[in-house]
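Below is one structure, written out as structure tokens; comments come after it.
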Amino acid sequence: MAQGKTKGLQAKSPAAASRHAAKAAAGTKKGKRHIPPKKTVLVKQAQMHKSLTAKINKSIEQQMVTAASAGKLTIMRNSGPQPSSSKS
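All residue numbers for the sequence shown refer to numbering that gives the first Met the number 0, where the first residue is 0 and numbers rise by one.
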């Protein structure tokens, strides 16, 4: 039989908890790793790519805003031509 205090039942100090959180945050994160370029040509290329992506996204968002504000906002059921209901 175990005698005396067991390690698991002892109260943990708040300093130890903050150290644990800092240690967990310092670990590697999930997802792709991105290493910024160091060569000047690649730095300029990355800046240009970032600015072009931002411009394209802004233009797409602007098109969506103009399309949404053009008419009444409804859920579209059929976007194709409506068949005529009167047959002779």
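The beta carbon of each residue, even a glycine, is placed where N, CA and C say it ideally should be.
Residue i - DSSP class collapsed to helix/strand/coil
| i | result |
| --- | --- |
| A20 | helix |
Residue range of the unbroken alpha helix (DSSP H) whose run includes residue i
| i | result |
| --- | --- |
| Q44 | T39 to S68 |
Beta-carbon proximity check, residue i vs residue j, cutoff 8 Å
| i | j | result |
| --- | --- | --- |
| P36 | A25 | no |
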